[in-house]
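What follows is a set of notes on a single structure, which appears directly below.
Numbering (the numbering used here), first residue to last: 13 to 662.
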């Protein structure tokens, strides 16, 4: 192996190994934050038959995504097929995608700057910077990773298709690959819509003649002629793809529940707040502490606000400094990448969260390119002290690596994540709610109630916290308080299927079957693909003797979720009521296979084996299993008597 080959092998080894190593400790992390919506509680990604829904109006109901991002949801289908609900697999995939992005960044920067040192520094910073750790650690934020992947591919092939060194027959191929990659980037996240502007700015900054096809001739050109030529040969394709995407996004697949507004419904307040946000983004790139998963930006009403003034002056200073210090067109392009790709998340079109670290992943490509050029310039200027300069860069990389590894640990589980985030943002109603959900699912109901109440104190109009508090009160036997909280939730958000469903459960417990059926109907009106509501409505119909209607609702539930054990059990009950014992038995076996720890299923199987198949041994086995699972079962005494009768010597 020649020295040159060894050098390249070492270079690529560093580029590939670095991101994998720095995120190695993320593989022990569980699902946290929004992951329970997109993965753990998303039954649709478990069945390939729902894949076609990615291209239908069912998408938002099935994917739990607010906007149309089918490529991301497709990745969850693949993940579940590979790993089921083992979080290590999902985290491994995120780390691999991030590593792929680092590799693509190397190819892009080397093609742009023709300097391997700059490319290496850019890749190391992109691999290690702690501000990107949220994007890699959160499974539900994979859209930023995938959008960056396809955006980088699109830009690399855009450059290749513009190069006269490329064979004529390959130009069309490279251009087609770029267009396809751009479309996939858009279908991953709408931030990619900035690509056509990036392409134009690249051409404009590097002053390419219309006949140079990517070669920097150093000659001037006619701006109008240049624009016309590139519009016909390149830009038109990206514009068409953008138009198709916007039509799909806002016309065909628009989520009816997607409704955002400016803070306090004021453009002026939004400007003041976003100025603070941009200033803080700059700060996070240079001083990435403290990092936070849920930033609560205080509302600003005046130019005299201290935080606004500091941010505004920082932004102006950064612009002036950049203008004076940009030594080449490469510097200007890197800075342009950062600013252009940041534009979609500046809340000009209102978005759900006005500030988030994940928004910096794609703009961060421009930042790392810019800083790599700064460091390379410094290395060239201070060549006599190059070892000191290299040591300085190495120290920065080590500090970033340490910061990212430490940040990965915060994402270990919902408890570590929520407690740390609350410490950073004590007014984060979302995180209090998530912490409450963690306690709720782990059986710590008192702690869950406290967390949900804290969420409501911070944000009294937060419907999800009221809904969850109602569910927690219900488990504590506080039915009336539970109903009040759930009523508050549906008053705050009328189209809230979970709250309506939970209200239905409480009304059913009270024997108010008409009210229960009404609430289940409201839940299904809000979400026709809500399997739990179909099952629960079927259960009400069973209790009221409406077996055909019950059967219809249970069929709908199983059509949506074929692995819904409780729906299989309820269908068995319907078959029993209709005297179809063989069908009931078959459904009970399916229910047991899906949920072997359901006491009612074992009880019913015990009855079938005793009364219909006259198999005492199997009847005793299932009755004992039912008692083992739930010793306090309401029919426990009857089961014990039957077991005693069946085990008496004859």
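Glycine is no exception: its CB is placed at the ideal position from the N, C-alpha and C atoms.
Assuming contact is defined by CB atoms lying nearer than 9 Å, are residue 570 and residue 583 in contact in what I supplied? Contact: yes.
Would you mind listing the alpha helix (DSSP H) stretches within the segment 361-431 that are 4+ residues and don't spill past its ends, in chain order? Within the segment 361-431, the complete alpha helix (DSSP H) runs of at least 4 residues are 375-393, 398-422.
Are the segment 289-305 and the segment 322-336 touching by the rule of at least three beta carbon pairs closer than 8 Å? The segment 289-305 is in contact with the segment 322-336.
Could you have a look at residue 256 and say whether DSSP puts it in helix, strand or coil? Helix at residue 256.
Cα separation between residue 467 and residue 427? Going by the C-alpha atoms only, they are around 15 Å apart.
Please state whether the Cβ-Cβ distance between residue 639 and residue 596 is less than 9 Å. Not a contact, by the Cβ cut-off of 9 Å.
Can you give me the Cβ contacts of residue 285 inside the same chain, cut-off strictly under 6 Å, excluding the 5 residues immediately before and after it? Non-local C-beta neighbours of residue 285 in its own chain, meaning closer than 6 Å and more than five positions away in sequence, comprise 275, 309, 312, ordered along the chain.
Ends of the alpha helix (DSSP H) at residue 620? The continuous alpha helix (DSSP H) containing residue 620 extends over residues 611-623.
Using CA atoms only, rank isn't needed, just tell me which of 199, 126, 266, 341 is closest to residue 213. Per the C-alpha coordinates, the member of 199, 126, 266, 341 positioned closest to residue 213 is 341.
Euclidean distance between Cα positions of residue 351 and residue 580: The straight-line gap from Cα to Cα measures roughly 54 Å.
Mind checking whether residue 376 and residue 347 have CB atoms under 9 Å apart? Contact flag unset, no.
Ranges of the alpha helix (DSSP H) found wholly within the segment 503-585, counting only runs of at least 4: The DSSP assignment places complete alpha helix (DSSP H) segments of no fewer than 4 residues inside the segment 503-585 at 509-521, 525-538, 543-555, 559-572, in order along the chain.
For the alpha helix (DSSP H) that residue 350 lies in, which residues bound it at each end? Under the DSSP assignment, residue 350 falls in the alpha helix (DSSP H) whose first and last residues are 341-354.
Taking only three categories from DSSP, how would you classify residue 229? Unreliable positioning characterises residue 229 in this predicted model, as indicated by a pLDDT of 45, which lies under 50. A coordinate reading is not provided.
Count the other C-beta atoms from every protein chain shown that fall within 10 angstroms of the C-beta of residue 3, then say buried if there are 16 or more, exposed otherwise. Outside the shown range of the chain, which is 13 to 662, sits residue 3, and nothing can be said about it.
For residue 265, which residues in the same chain have their Cβ closer than 6 Å to its Cβ, ignoring the five residues on either side in sequence? Result list for residue 265: 71, 80, in chain order.
Is it right to say residue 515 is buried, meaning 16 or more other beta carbons lie within 10 angstroms of its own, or is it exposed? Buried: at least 16 other Cβ atoms inside 10 Å.
Since residue 613 contacts residue 603 with CB under 8 Å, what's their CB separation in whole angstroms? Right, the Cβ-Cβ distance comes to about 5 Å (below 8 Å), so this counts as a contact.
Residue 485 burial status per 10 Å Cβ neighbour count (16 or more: buried): Per the 10 Å Cβ criterion, buried.
Can you tell me the Cα-Cα spacing of residue 133 and residue 25, whole angstroms? Looking at the two C-alpha atoms, the distance is approximately 14 Å.
For residue 97, I'd like the list of residues in its chain whose CB is within less than 7 Å of its CB, leaving aside the five on either flank, ordered along the chain. Result list for residue 97: 52, in chain order.
Determine the closest residue to residue 192 out of 476, 159, 130, with distance taken between C-alpha atoms. It is 159 whose Cα lies nearest to the Cα of residue 192.
8 Å contact criterion, which residue 664 and residue 505 should meet: CB distance rounded: An answer regarding residue 664 cannot be provided, because it is not within the stretch 13 to 662 covered by the chain.
Alpha helix (DSSP H) containing residue 692: first to last residue? No statement about residue 692 is possible, as the shown extent of the chain runs from 13 to 662 and does not include it.
Could you check whether residue 562 and residue 553 sit closer than 9 Å to each other, using their CB atoms as the reference points? Contact: yes.
For residue 649, count neighbouring Cβ atoms within 10 angstroms of its own Cβ and tell me buried if that reaches 16, exposed if not. Residue 649 comes out exposed.
Buried or exposed for residue 415, going by 16 or more other Cβ atoms inside 10 Å? Burial call: buried.
Three-state secondary structure assigned by DSSP to residue 199: Reduced to three states, the DSSP call for residue 199 is coil.
Below 8 Å, can you find three or more Cβ-Cβ pairs linking the segment 147-155 to the segment 33-41? Segments in contact, yes.
If you check the beta carbons only, do residue 90 and residue 27 fall under 9 Å apart? Taking 9 Å as the Cβ cut-off, residue 90 and residue 27 do not qualify as a contacting pair.
So, at 7 Å on beta carbons, what are the nonlocal neighbours of residue 666 in its own chain, with the 5 sequence-adjacent residues on each side left out? Shown here, the chain extends from 13 to 662; a query on residue 666 therefore has no answer.
Taking contact to mean 3 or more Cβ pairs, one atom from each stretch, closer than 8 Å, check whether the segment 353-369 and the segment 382-392 are in contact. Segments in contact, no.
Can you tell which of 205, 137, 143, 211 has its C-alpha closest to the C-alpha of residue 169? Taking each of 205, 137, 143, 211 in turn and checking the Cα distance to residue 169, the smallest one comes out for 211.
Give the secondary structure of residue 97 by DSSP, where H, G and I count as helix, E and B as strand, and everything else as coil. DSSP places residue 97 in coil when its eight states are reduced to three.
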